[in-house]
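**Student:** Take 243 as the starting number for the sequence shown in the working numbering and just add one per residue. Beta carbons: idealized from backbone N, C-alpha and C, even for Gly.
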Amino acid sequence: MTTETTDDAIAFEIDAQLQDRPDWLYLLREFEALYRHGSAGGSKAIRAHRKKVRDRLSASIAKNAGFVERAPAEKPVTAHFNRALDLGERGAMQGMARALRQVRGRLVWEYGYEKVPPALARKYAYCEVLGPRGPVRSDKLILGFVLFAPNTTYPQHSHREIEESYISVAGAWSENNAAVYAPGSLILNRSGDEHRITTGELDPCLLAYAWTGSSERLTAPGMKLSAPRRKPG
Ligand SMILES: [Fe+2]
């Protein structure tokens with residue numbers, strides 16, 4: 243067992259290596275395949291983001307990254323997780339949904355915000371699978387999943403010096419009222435892009451996400467919802 247320190251705030255007991263945890267390795271391989279083989283739809287920015295994600299992920303796999311076991315945690319929204327996985331396993335993202343089911347009892351669901359609006363606390367949570375806090379250790383990339391209950395509005399926010407992509411695993415959702423995204427779709431939010439998410443009325447929505455940024459920023463992303471806009475006048 244070794245202790246790794248990434249900054250003053252975080253010190254972990256690394257209790258295993260990725261190769262000792264094949265279920266997590268298979269899940270990461272699903273991410274790698276998605277970011278390697280999916281289309282960028284002709285967008286240079288998306289192509290560059292996909293490359294960044296898969297290069298950082300491949301490096302973590304190649305070096306047999308450290309693995310940190312954390313105590314599993316649920317949130318109210320995880321009552322919808324079964325349905326989300328069932329939907330995921332029927333659609334374009336079935337490989338990812340099946341790999342995620344294998345680790346479902348070991349996920350750490352959290353909010354990420356110091357102050358979570360009460361309505362959101364019942365309808366949203368995320369879990370990380372790779373990042374500065376583990377379970378698979380990486381300073382350069384965060385991979386995880388976010389789960390929304392049906393009929394949820396995730397308020398407007400942006401990320402400073404972090405590039406974020408979402409890949410839809412199950413359920414329908416919309417960002418900034420611009421389109422409806424189905425399983426397999428990828429959305430890129432660049433640093434500073436304001437975004438607001440709504441989910442379909444009947445089913446939960448499960449998204450895989452990737453964050454790239456500096457290790458300082460990924461270690462302390464400072465998640466904040468944007469202040470509501472005042473009505474003019
Ligand atoms: Fe976001």
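Mind checking Pro-377: buried by the 16 CB within 10 Å criterion, or exposed?
**Tutor:** Indexing the sequence shown from 1 puts residue 377 at position 135. By the C-beta density criterion, Pro-377 is buried, having at least 16 other C-beta atoms within 10 angstroms.
**Student:** Indicate the three-state DSSP secondary structure (helix, strand or coil) for Glu-458 in the structure shown.
**Tutor:** For the purposes of this step, residue 458 is taken as the residue at position 216 of the sequence shown. Correct three-state label for Glu-458: helix.
**Student:** Under the DSSP definition of a beta bridge, which residues are partnered with Gly-386?
**Tutor:** Residue mapping note: residue 386 aligns to position 144 of the sequence shown, counting from 1. According to DSSP, Gly-386 bridges with Glu-370, Tyr-451.
**Student:** What residues sit near ligand 3, counting only those whose C-beta is closer than 6 Å to one of its heavy atoms, in chain order?
**Tutor:** Of the ligands this structure carries, namely ligand 1, none is ligand 3.
**Student:** Short of 6 Å in beta carbon distance, which residues of its chain neighbour His-322, apart from the five on each side in sequence? Order them along the chain.
**Tutor:** Position 80 of the sequence shown holds residue 322. Cβ within range, chain order: Ala-391, Pro-446.
**Student:** Only counting the same chain, and skipping five residues up and downstream in sequence, which positions put a Cβ closer than 6 Å to that of Thr-395?
**Tutor:** Walking along the sequence shown from the start, residue 395 turns up at place 153. Within the same chain, Thr-395 has close Cβ partners Thr-440.
**Student:** Run the CB neighbour count on Gly-308, radius 10 Å, all protein chains shown included, and call it buried at 16 or more, exposed below.
**Tutor:** Your numbering for residue 308 matches position 66 in the sequence shown. Answer is buried; the Cβ neighbour count reaches 16.
**Student:** May I have the straight-line CA-CA distance separating Arg-312 from Val-350, to the nearest angstrom?
**Tutor:** Position 70 of the sequence shown, counted from the first residue, corresponds to residue 312. Position 108 of the sequence shown, counted from the first residue, corresponds to residue 350. Using only the alpha carbons, I get a separation of about 7 Å.
**Student:** Taking contact to mean at least 3 C-beta pairs separated by less than 8 Å, is the segment 328 to 344 in contact with the segment 258 to 271?
**Tutor:** yes
**Student:** From the DSSP secondary-structure annotation, give me the bridge partner or partners of Asn-431.
**Tutor:** On the sequence shown, position 189 is the one that residue 431 refers to. DSSP lists Glu-406 as partners of Asn-431.
**Student:** Determine the extent of the beta strand (DSSP E) in which Gln-261 is found, giving its start and end residues.
**Tutor:** The residue you call residue 261 lines up with position 19 of the sequence shown. First-last for Gln-261: undefined, no H or E at that position.
**Student:** Going by alpha carbons, who is nearest to Ala-304 out of Val-358, Ala-315, Gln-259?
**Tutor:** In the sequence shown, residue 304 corresponds to position 62, counting from 1. For the options Val-358, Ala-315, Gln-259, the alpha carbon positioned closest to that of Ala-304 is the one of Gln-259.
**Student:** Hey, could you find the ends of the beta strand (DSSP E) Arg-438 is sitting in?
**Tutor:** Residue numbering aside, residue 438 sits at position 196 when the sequence shown is read from its first letter. Looking at the DSSP string, the run of the beta strand (DSSP E) that includes Arg-438 is 437 to 441.
**Student:** Return yes when the Cβ of His-399 is within less than 7 Å of the Cβ of Asn-418, no when it is not.
**Tutor:** The residue you call residue 418 lines up with position 176 of the sequence shown. The residue you call residue 399 lines up with position 157 of the sequence shown. No, they are not a contact pair.
**Student:** Cβ atoms of Arg-296 and Arg-325: under 7 Å apart, would you say?
**Tutor:** To locate residue 325, count along the sequence shown from 1; it is residue 83. To locate residue 296, count along the sequence shown from 1; it is residue 54. The answer is no: Cβ separation not under 7 Å.
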